[in-house]
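Chains as they are written, first to last, in the working numbering: chain E, 16 to 329; chain A, 0 to 508.
Cβ atoms here follow ideal geometry from the backbone N, Cα and C, with glycine treated the same way.
Let me begin by presenting the structure, written as structure tokens, before commenting on it.
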């Protein structure tokens, strides 16, 4: 029992938690932007698969790591454009389109993988991002390695949260995005195109989701394999709700979930197989559901979320 | 009234076969208030939506300060100094007043929203034009009157020179209306031009310099406000003289519904009944006056079957009711005309046919063995459309597309068709134009002549006085003793509404 408690004070636990949280942070920020503009993007799971593959493939083909991240983002934005075109100007069901995008993006990725690498049985490896310790700060016990001895992509994830929060709350652009998710007719009445705002938000959001996927193949691991995303996209949708559509709270949610995940792995080792390991695997999800129930009861969701806007309609 | 601010010439707009605007021309001078008067559906809002670029006209042009406006471009209208206060506010509830106002006024690519500068500018405008509202409050926390002020501030913040107000008083209390008129006077004094859209004659008389009357998409007449009368305008508006309803004497029958010392648990909004005794008699319209929020909603819910008595006895036909629910209420012959025709009375995205059978689709007339008889349903909808003179393209039309008056006529038809014994009419004419009000009143009086017991809940004292055989006043969940037609003056009713003597009246009842 004491050992289970001590895990919480080890640096390796927190290093793992922050690493697990990083892709979730990117994708959660991406989903948050989409939803703040009024579009539920259920394509997230598939777009993360695309990002994971596109980034990895670019590097495997000889590209620079950062170039890989850019390609992943562009690939994500392209699927975002498809999603946005169907849901925003055409006003189709966001549920159906989102699930369609996920299926399409996932299948297209696996198909491309087979075309590009027909003969491979074990996935080829790349040289991923390496930890980049921040001088001095990384020497602080526990917190240092967890926060300041990570790969550059993790730092980028945290920076993304700050940028998203700044843009949403401190710039005219963010104001337009939030208003598009609250009451699109207010946006239109002020001479701004709702379609442009929403499509832009979905594309930028999708690019972030794809970077989240790329983190897995280019920072957490060093190769691409099927089922890699494994429901992380869906978790991010829940994290947005958990964070009440606020970047800071969503960041906390991502770290909390990742901590549960890192904890259950260590707990499994501790019990030495007496308890079925599936119970531990289940733990982060059960705790997430509980946290969601508690947190989202007073959440103020964007009023126009999932409501298509058609100009001039009564 | 020196130069022209706005020149609309020959605007025509068709929606399918409906001609919403037929060759309408209008000139607005600087510093002038022009009222656009017309019934619901006369084409006022369509015209303003064209002006503001929400719709594109089929024919005609719009010029602001000598410059032609490109059609279908709200941005151009805003840039030309046209500001519009829509009937349904275009505000984002979860955002602050300031955020709503500055939305779209700064380049989207600037890195910082200048809140401090915006705040001081908004404060200055509020002060100059009597539009008191705190910039940092959430819109969701504001009253309707405050929200309207935010809408006006939105236009002024963009330096609007022409302000269009679409039915601005529909949602305001009398006090807020007076404050709005005072603001409009200040705006005109600063040289702004105003188009005031309304169907309320006394407001048009009070606020405008010139009146343009629209009827069925055409200009039916133009008058200088000074030189006209309410009667003349009303006649232009509906195309005929409007008459007060003639109330024939009907003999008072037995009590169909009685409440004996009934109390209810508070509803969501806190509305509750506190020991109410009341009897609704055959052939009698019981008018219930009172300031909104004094228990009318609870009484309406009780009759409609959506609330049950917590204490006391409720009887229909001298029989105590059991298992009270909306279904029982319908079965016992209670017809409901709900207060909110959009939220409660109808299902906006379902068809007229589906809406008119929604209370009775289980009956043998409209279904057998659990299968809906759509032929009978459609036939019923067609009958109602014809008999109640509903303007609607077909029974398959989504009800959301109809005007308020036409929706109310359908609700009325649905409620009255089974010849109900008891009718709950909750704010039956709120927001309707003169013609539709007269129509609703006529139908209620017909039901009374046939022997129905009617409870009329209304905030409009003129309506209560005109229709009711018996008037009662609600105050804090209690109900006053009845007065017969003409017994209490408006002033006396007003005192009861304010709570003076309510206790005594309650105990006497």
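Residue-chain proximity (residue i, chain E), Cβ-Cβ < 7 Å
| i | result |
| --- | --- |
| residue 98 of chain A | yes |
| residue 86 of chain A | no |
| residue 136 of chain A | no |
| residue 90 of chain A | yes |
| residue 148 of chain A | no |
| residue 103 of chain A | yes |
| residue 18 of chain A | no |
| residue 276 of chain A | no |
| residue 69 of chain A | no |
| residue 508 of chain A | Note that residue 508 of chain A has pLDDT 41, beneath the 50 cutoff, so the model's placement of it is unreliable and no number is given. |
Assigned secondary structure, residue i (DSSP; H/G/I helix, E/B strand, else coil)
| i | result |
| --- | --- |
| residue 225 of chain A | helix |
| residue 270 of chain E | helix |
| residue 66 of chain A | strand |
| residue 140 of chain E | coil |
| residue 319 of chain A | strand |
| residue 538 of chain A | Absent from the model: residue 538 of chain A. The displayed extent of chain A is 0 to 508, so no value can be given. |
| residue 137 of chain A | strand |
| residue 86 of chain E | helix |
| residue 290 of chain E | coil |
| residue 327 of chain A | helix |
| residue 257 of chain A | strand |
Residue i - partner residues in DSSP beta bridges
| i | result |
| --- | --- |
| residue 58 of chain A | A:11 |
| residue 59 of chain E | DSSP, once it has assigned bridges, lists no residue as partnering residue 59 of chain E. |
| residue 455 of chain A | A:286 and A:424 |
| residue 20 of chain A | A:12 |
| residue 192 of chain A | A:161 |
| residue 513 of chain A | The structure shown does not extend to residue 513 of chain A, since chain A spans only 0 to 508, so no value can be given for it. |
| residue 366 of chain A | A:371 |
| residue 209 of chain A | A:33 and A:223 |
| residue 28 of chain A | A:3 |
Candidates the options: closest to residue i by CA position
| i | options | result |
| --- | --- | --- |
| residue 194 of chain E | E:53, E:138 and E:298 | E:53 |
| residue 130 of chain E | E:72, E:104 and E:19 | E:72 |
| residue 272 of chain A | A:306, A:457 and A:251 | A:306 |
| residue 318 of chain E | E:238, E:199 and E:115 | E:199 |
| residue 168 of chain A | A:161, A:178 and A:160 | A:178 |
| residue 310 of chain E | E:255, E:323, E:291 and E:273 | E:255 |
| residue 242 of chain E | E:111, E:33, E:50 and E:138 | E:138 |
| residue 237 of chain E | E:143, E:133, E:174 and E:93 | E:143 |
| residue 274 of chain E | E:302, E:94, E:172 and E:104 | E:302 |
| residue 197 of chain E | A:301, A:89, A:160 and A:203 | A:89 |
| residue 263 of chain A | A:116, A:301 and A:280 | A:301 |
| residue 429 of chain A | A:406, A:413 and A:149 | A:406 |
| residue 221 of chain E | E:82, E:86 and E:93 | E:93 |
| residue 182 of chain E | A:232, A:109, A:199 and A:494 | A:109 |
| residue 64 of chain A | A:453, A:26, A:114 and A:184 | A:26 |
Cutoff 7 Å: residue i Cβ touching any chain A Cβ
| i | result |
| --- | --- |
| residue 146 of chain E | no |
| residue 207 of chain E | yes |
| residue 314 of chain E | no |
| residue 200 of chain E | yes |
| residue 204 of chain E | yes |
| residue 175 of chain E | no |
| residue 211 of chain E | no |
| residue 197 of chain E | yes |
| residue 180 of chain E | no |
| residue 281 of chain E | no |
| residue 186 of chain E | yes |
| residue 265 of chain E | no |
| residue 69 of chain E | no |
Presumed contact (8 Å Cβ cut-off) between residue i and residue j, rounded CB distance
| i | j | result |
| --- | --- | --- |
| residue 294 of chain A | residue 476 of chain A | 4 Å |
| residue 26 of chain E | residue 157 of chain E | 5 Å |
| residue 28 of chain A | residue 4 of chain A | 6 Å |
| residue 261 of chain A | residue 311 of chain A | 3 Å |
| residue 258 of chain A | residue 313 of chain A | 5 Å |
| residue 74 of chain A | residue 206 of chain E | 4 Å |
| residue 281 of chain A | residue 450 of chain A | 5 Å |
| residue 226 of chain A | residue 196 of chain A | At roughly 21 Å, the Cβ-Cβ gap does not stay under 8 Å, so residue 226 of chain A and residue 196 of chain A are not in contact. |
| residue 62 of chain E | residue 225 of chain E | 5 Å |
| residue 478 of chain A | residue 471 of chain A | 5 Å |
| residue 91 of chain E | residue 115 of chain E | Contact doesn't hold; Cβ gap of about 16 Å is too wide. |
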